[in-house]
Amino acid sequence: MSIYDCQPPMCLETIRKTLVSPAVADMPPERKPSAEINDEENLFVPPLNFSMVDYGIFRSGFPDTANFPFLKTLGLRSIMFVPIRKSPSLFRFLFSYVLCLIEVLKVMALIYCRYLCPEPYPEVNMQFLNANGIRLFQFGVEGSKEPFVNIPDDLVRHALEVLLDERNRPLLIHCKRGKHRTGCLVGCFRKWQNWCLASIFDEYLRFAADKARVSDQRFMELFDVSGIKPIPSQDYLKS
12 MSIYDCQPPM CLETIRKTLV SPAVADMPPE RKPSAEINDE ENLFVPPLNF
62 SMVDYGIFRS GFPDTANFPF LKTLGLRSIM FVPIRKSPSL FRFLFSYVLC
112 LIEVLKVMAL IYCRYLCPEP YPEVNMQFLN ANGIRLFQFG VEGSKEPFVN
162 IPDDLVRHAL EVLLDERNRP LLIHCKRGKH RTGCLVGCFR KWQNWCLASI
212 FDEYLRFAAD KARVSDQRFM ELFDVSGIKP IPSQDYLKS
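Counting along the sequence shown from 1, when you hit position 38 you're at 49 in our numbering, and nothing is skipped either side.
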């Protein structure tokens with residue numbers, strides 16, 4: 012039966028099953044979404060730029076409360092957030108410089124926090140994660156028009172190791188819009204999967220569209236994936 016032949020309720024169910032990863036079928040009963048849902052929860056709204064990347068791996072923009080019912084259907088174990096680390100403005104920099112002459116240690120601690128602490132995850136999102144047993148991984152990227160120009164490779168390698176660890180799946184990768192930071196990380200993952208650069212760039216452009224950045228593509232092209240190995244699943248270790 013074609014999806015176009017379905018009655019509205021069945022059509023919705025077909026779309027929902029298409030969006031949900033096959034990983035849901037293999038989950039233990041306690042992690043599977045409940046079949047008893049009310050009418051309000053029937054309105055599954057995916058986050059901006061939502062897509063399935065691979066088995067148990069998804070990508071999107073920043074999810075809000077309207078997306079929570081949909082995310083519950085994925086049975087997520089982890090969310091990987093790639094935020095922007097906000098650098099001080101020129102005024103703040105000058106003000107900090109003056110304070111530095113007066114109270115060196117105090118100001119050094121302040122500057123350290125501003126540069127190295129990732130932006131806080133919204134409280135309502137944290138409540139959703141805690142209520143559903145979802146672990147949060149944050150990998151902050153300096154805020155600029157070219158976010159991946161000066162990012163250490165070790166940061167991306169660490170993010171990929173988390174991504175490749177099957178114990179963290181199903182996993183959702185997201186940034187603010189699901190375009191640049193998420194696109195670069197997914198591109199590096201595709202490179203690890205031995206995709207050709209043309210296919211990697213094509214996928215990146217489908218999400219970034221007219222906001223695509225040459226620096227992002229160059230970062231993906233030059234990124235070295237050698238030495239990055241996935242952690243075998245428990246089933247593999249038992250076999």
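Backbone N, C-alpha and C define an ideal beta-carbon position, used for all residues, glycine too.
#1: Kindly indicate the opening and closing residues of the alpha helix (DSSP H) around D65.
#2: Taking the Cβ atom as the reference point for each residue, do S71 and L54 lie within a distance shorter than 8 Å?
#3: By the three-class DSSP mapping on this structure, what secondary structure does F211 have?
#4: Could you tell me whether the Cβ atoms of I184 and M91 are closer together than 8 Å?
#5: Report the option in G144, S89, L82, F61 whose CA atom is closest to the CA atom of N179.
#6: In its own chain, which residues sit with a C-beta less than 7 Å from the C-beta of L166, not counting the 5 before and 5 after it?
#7: Could you tell me which residues DSSP pairs with M91 in its beta bridges?
#8: Under three-state DSSP, which class holds S71?
#9: Take R188 and list the residues in its own chain whose beta-carbon comes closer than 7 Å to its own, dropping the five residues that flank it on each side.
#10: In the structure shown, what three-state DSSP assignment does R252 receive?
#11: Tell me which same chain residues have a C-beta within less than 7 Å of the C-beta of E232, skipping the five on either side of it?
#12: How is the alpha helix (DSSP H) around A142 delimited, first residue to last?
In this structure, then:
#1: Counting from 1 along the sequence shown, the entry for residue 65 is found at position 54. That residue, D65, is in no alpha helix (DSSP H); its beta strand (DSSP E) goes 62-65.
#2: Locating residue 71 in the sequence shown gives position 60, where the first residue counts as 1. Locating residue 54 in the sequence shown gives position 43, where the first residue counts as 1. L54 is positioned such that its CB atom lies no closer than 8 Å to that of S71.
#3: The sequence position of residue 211 within the sequence shown is 200, counting from 1. For the sequence presented, residue 211 should be read as Ile rather than Phe. Reduced to three states, the DSSP call for I211 is helix.
#4: Here residue 184 corresponds to residue number 173 of the sequence shown, with the count starting at 1. Here residue 91 corresponds to residue number 80 of the sequence shown, with the count starting at 1. Yes, they are a contact pair.
#5: Counted from its first residue, the sequence shown places residue 179 at position 168. Per the Cα distances, S89.
#6: Here the question's residue 166 lines up with position 155 in the sequence shown. Excluding positions up to five away in sequence, the list reads F150.
#7: Taking the first residue of the sequence shown as position 1, residue 91 is located at position 80. Beta-bridge annotation (DSSP): M91 is paired with F148, I184.
#8: On the sequence shown, position 60 is the one that residue 71 refers to. In this structure, S71 counts as strand in the three-state DSSP scheme.
#9: Taking the first residue of the sequence shown as 1, we reach residue 188 at position 177. So the qualifying residues of the chain are L59, N60, G72.
#10: This structure does not reach residue 252, given that the chain is present from 12 up to 250, and the question cannot be answered.
#11: Counting from 1 along the sequence shown, the entry for residue 232 is found at position 221. Counting only residues of its own chain and dropping the five nearest sequence neighbours on each side, E232 has a CB closer than 7 Å to the CB of L208.
#12: On the sequence shown, residue 142 is found 131 positions in, with the first residue counted as 1. For A142, the enclosing alpha helix (DSSP H) covers residues 134-142.
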